[in-house]
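In our numbering, the protein residues as written are 321 to 760. Note that the Cβ used here is the ideal one computed from N, Cα and C, for glycine as well. Worksheet for the structure shown next.
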Ligand code: 5GP
Ligand code: MN
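This is how it looks when you write it as structure tokens:
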């Protein structure tokens, strides 16, 4: 299998598709799959830019909209995870993944999917201590705060992977696991990025959540981005398993942002699961994971202690949920190519130019109904219905006069860092003042 891997995309789809096509022509081979490790920027029109966390001078429409509208078709099957610069209003409608354009698949907050012989896992976002225990509460209209918290990886999403027992061929993240720098040429890294030194010494370069995932999953390959430098590492585990880590840069002249990786189709899939066609497939074990962890899903901003520590097994039984998955999917795990333009941005225009209304995504609704799990956005819409129409809806006892408090967490712009500037590492201004919530 030939997999093309890109670090951060920053909206440069046209350029990448052109370069991969040139590589194919020059080397007389075919690419099976293109993997993009975040900062994808699936911006459908100028209005989506209102929901992207990014200083105004970097905010640009890019070329994704042509793939969304159908003016262009992605020439390779493309999968991506979210980074810290995303059209969050669009991606929050696809928490479990889905097509953002024909042939372009977003993995969602976390996912494991199958393609040809490969089992591929991925997690979106970057680590942030203050939001990791919050629910998926972000909704429209988005504030400067929620534009940022939206891409902070939740503990729930990492927790889901701890029930994965079968081997993964590829894992994709935007950040690097914190420890990975010690398994490659660290001297080289410090030579090209000397300002990483302090963070490396204090163990803060990257995500501690991803360390736990790497030790548990031990995937054959791990692809990452975000630090804007190519870096290779080779991690050998006590049980003899190995992970080859590769981080890539972003598309700038003379940078190493694109690589073609040959991957042996593994024996991780049983004959039963192996389908050699061009479709993506759901992974049974992951579907069971989504069922056993659904009870921990929250749309509250208030941090919840619902989700157990990593390494604690979920309350529900995986084996039992696997049977339920098999009954529901009846042997048909193909991910249908069911992209359609979704409100607010359809061929006929944009029904919400100010980006204030919330929409569900049909792909998510269909998937959730089939698997029997909840969609955070549908929960948000239901909650809003209760708030705006209190007289029409009979509230249950516990919903009546509900007064919740929220902790107002204000993030600075420090998740965005100017190239080659020293990052004031992940500073957060926490306003612990308790405010009445909007539910009044
Ligand atoms: P982005 O493209 O996501 O806005 O910014 C990524 C930039 O932030 C890169 O230049 C990367 O080197 C820097 N960066 C990200 N995380 C860290 C970190 O934990 N420590 C340091 N020193 N720099 C970081
Ligand atoms: Mn980034």
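Mapping the DSSP letters down to three states, classify residue 349 as helix, strand or coil.
As a working note, residue 349 is residue 29 in the chain shown. Note: residue 349 maps to coil in three-state DSSP.
With a threshold of 8 Å on Cβ separation, who are the neighbours of residue 717 within its own chain once the five nearest residues in sequence on each side are excluded?
Counted from its first residue, the chain shown places residue 717 at position 397. In this prediction, residue 717 has a pLDDT of 37, which is less than 50 and means its spatial position is unreliable; nothing more can be read from the coordinates.
In whole angstroms, what separates the C-alpha of residue 424 from that of residue 617?
By 1-based counting over the chain shown, the position of residue 424 is 104. By 1-based counting over the chain shown, the position of residue 617 is 297. Their backbone Cα atoms lie some 26 Å apart in a straight line.
Pull up the CB-CB distance for residue 407 and residue 361, whole angstroms please, since I reckon it's below 8 Å.
Taking the first residue of the chain shown as 1, we reach residue 407 at position 87. Taking the first residue of the chain shown as 1, we reach residue 361 at position 41. Yes, residue 407 and residue 361 are in contact; Cβ-Cβ is about 7 Å, under 8 Å.
Separation of residue 439 from residue 564, as counted between CA atoms
Residue numbering aside, residue 564 sits at position 244 when the chain shown is read from its first letter. Residue numbering aside, residue 439 sits at position 119 when the chain shown is read from its first letter. In this structure, the straight-line span from the alpha carbon of residue 564 to that of residue 439 is close to 15 Å.
Whose C-alpha, out of 451, 478, 471, 569, is nearest the C-alpha of residue 512?
Along the chain shown, read from residue 1 onward, the residue named residue 512 stands at position 192. Restricting attention to 451, 478, 471, 569, the CA atom closest to the CA of residue 512 is found in 569.
With burial defined as no fewer than 16 other Cβ atoms inside 10 Å of the residue's Cβ, what is the status of residue 650: buried or exposed?
Mapped onto the chain shown, residue 650 falls at position 330. Counting Cβ neighbours within 10 Å, residue 650 comes out exposed, since fewer than 16 surround it.
Is residue 538 buried or exposed, if buried means 16 or more other CB atoms sit within 10 Å of its CB?
Position 218 of the chain shown, counted from the first residue, corresponds to residue 538. A residue is called buried when at least 16 other Cβ atoms come within 10 angstroms of its Cβ; residue 538 meets this threshold and is buried.
Straight-line Cα distance separating residue 376 from residue 682:
Within the chain shown, numbered from 1, the residue matching residue 682 stands at position 362. Within the chain shown, numbered from 1, the residue matching residue 376 stands at position 56. Here the C-alpha atom of residue 682 lies approximately 32 Å from the C-alpha atom of residue 376.
Using the Cα positions of residue 610 and residue 346, report the straight-line distance between them to the nearest angstrom.
Taking the first residue of the chain shown as 1, we reach residue 610 at position 290. Taking the first residue of the chain shown as 1, we reach residue 346 at position 26. Between residue 610 and residue 346, the C-alpha separation is close to 43 Å.
Measuring only from the beta carbon, is residue 502 closer than 8 Å to any heavy atom that is part of the ligand 5GP?
As a first step, residue 502 is located in the chain shown; it is residue number 182 there, counting from the start. Not one heavy atom of the ligand 5GP falls within 8 Å of the beta-carbon of residue 502.
C-alpha distance - residue 730 paired with residue 661, whole-angstrom precision
What you label residue 730 is simply residue 410 of the chain shown in a count that begins at 1. What you label residue 661 is simply residue 341 of the chain shown in a count that begins at 1. Low confidence applies here, because residue 730 scores a pLDDT of 40, under 50, leaving its location unreliable and the question unanswered by this model.
Span separating the alpha-carbon of residue 521 from that of residue 479
Looking up residue 521 in the chain shown gives position 201. Looking up residue 479 in the chain shown gives position 159. So the two alpha carbons sit approximately 27 Å from each other.
Verify the contact flag: residue 606, CB atom, against every heavy atom of the ligand 5GP, threshold strictly below 8 Å.
Stepping through the chain shown from its first residue, residue 606 is reached at position 286. Outside the cutoff, so no.
Any idea if residue 654 is buried or exposed, counting beta-carbon neighbours within 10 angstroms, 16 or more meaning buried?
One-based indexing of the chain shown puts residue 654 at position 334. Around the Cβ of residue 654, a 10 Å sphere holds fewer than 16 other Cβ atoms; the residue is exposed.
DSSP three-state label for residue 324, please.
The residue you call residue 324 lines up with position 4 of the chain shown. In this structure, residue 324 counts as strand in the three-state DSSP scheme.
Excluding sequence positions up to five away, which residues of its chain have a Cβ less than 7 Å from the Cβ of residue 436?
Start at 1 with the first residue of the chain shown, and residue 436 comes out as number 116. Result list for residue 436: 321, 352, 585, 596, in chain order.
How is the beta strand (DSSP E) around residue 566 delimited, first residue to last?
For the purposes of this step, residue 566 is taken as residue 246 along the chain shown, with counting starting at 1. Looking at the DSSP string, the run of the beta strand (DSSP E) that includes residue 566 is 562-567.
From this set, 497, 516, 356, which residue's C-alpha is nearest residue 427's C-alpha?
The sequence position of residue 427 within the chain shown is 107, counting from 1. Measuring from the Cα of residue 427, the nearest candidate turns out to be 356.
Quick one: residues in its chain with C-beta nearer than 6 Å to the C-beta of residue 442, no 5 flanking neighbours on either side, listed in chain order?
Counted from its first residue, the chain shown places residue 442 at position 122. Excluding residues up to 5 positions away in sequence, 401, 427, 431, 492 lie with their Cβ nearer than 6 Å to the Cβ of residue 442 in the same chain.
Is the beta carbon of residue 482 closer than 9 Å to that of residue 696?
Numbered from 1 along the chain shown, position 376 holds the residue referred to as residue 696. Numbered from 1 along the chain shown, position 162 holds the residue referred to as residue 482. No, Cβ-Cβ distance for residue 696 and residue 482 is not below 9 Å.
Cβ of residue 404 within 8 Å of any heavy atom in the ligand 5GP?
Translated into positions along the chain shown, residue 404 becomes position 84. Result yes, Cβ under 8 Å from the ligand 5GP.
Kindly list the residues whose CB is nearer than 7 Å to the CB of residue 344, restricted to its own chain and excluding five residues on each side of it in sequence; keep chain order.
Residue numbering aside, residue 344 sits at position 24 when the chain shown is read from its first letter. Closer than 7 Å at the Cβ level, and outside the excluded window around residue 344, lie 350, 351.
Report the option in 501, 388, 374, 540 whose CA atom is closest to the CA atom of residue 581.
Your numbering for residue 581 matches position 261 in the chain shown. Measuring from the Cα of residue 581, the nearest candidate turns out to be 540.
Roughly how many angstroms lie between the CA atoms of residue 465 and residue 559, to the nearest whole one?
Reading the chain shown from its first residue, position 145 is the one you call residue 465. Reading the chain shown from its first residue, position 239 is the one you call residue 559. If you take the alpha carbons of residue 465 and residue 559, they lie about 43 Å apart.
Spatial neighbours of residue 542 in its chain, beta-carbon cut-off 6 Å, leaving aside the 5 residues before and after:
If you number the chain shown from 1, residue 542 lands on position 222. Closer than 6 Å at Cβ, skipping near neighbours: 491, 563, 565.
CB contact flag (residue 468, residue 404, <9 Å):
The residue you call residue 468 lines up with position 148 of the chain shown. The residue you call residue 404 lines up with position 84 of the chain shown. In this structure, residue 468 sits near residue 404, with a CB-CB distance shorter than 9 Å.
Reference residue 524, options 486, 548, 495, 549, closest by Cα:
The residue you call residue 524 lines up with position 204 of the chain shown. For residue 524, the nearest C-alpha among the options comes from 495.
Rounded to whole angstroms, what's the CA-CA distance from residue 370 to residue 675? Just pull it up for me.
The count along the chain shown starts at 1 and reaches residue 370 at position 50. The count along the chain shown starts at 1 and reaches residue 675 at position 355. Answer to the nearest angstrom: the Cα atoms are 7 Å apart.
Return yes when at least one heavy atom of the ligand 5GP lies under 8 Å from the C-beta of residue 547, else no.
As a first step, residue 547 is located in the chain shown; it is residue number 227 there, counting from the start. Residue 547 Cβ: within cutoff of the ligand 5GP.
Relative to the C-alpha of residue 434, which residue among 412, 397, 470 is closest?
Along the chain shown, read from residue 1 onward, the residue named residue 434 stands at position 114. When only C-alpha atoms are compared, the closest one is 397.
If you draw a straight line from the C-alpha of residue 448 to the C-alpha of residue 372, how long is it?
Your numbering for residue 448 matches position 128 in the chain shown. Your numbering for residue 372 matches position 52 in the chain shown. Answer to the nearest angstrom: the Cα atoms are 17 Å apart.
Run through the DSSP bridge pairs and tell me what residue 425 is partnered with.
For the purposes of this step, residue 425 is taken as the residue at position 105 of the chain shown. Here residue 425 is bridged, per DSSP, to 399, 419.
Shortest alpha-carbon distance to residue 476 belongs to which of 515, 366, 666, 416?
Sequence index remark: in the chain shown, residue 476 carries index 156 (1-based). Taking only the C-alpha atoms, the option nearest residue 476 is 416.
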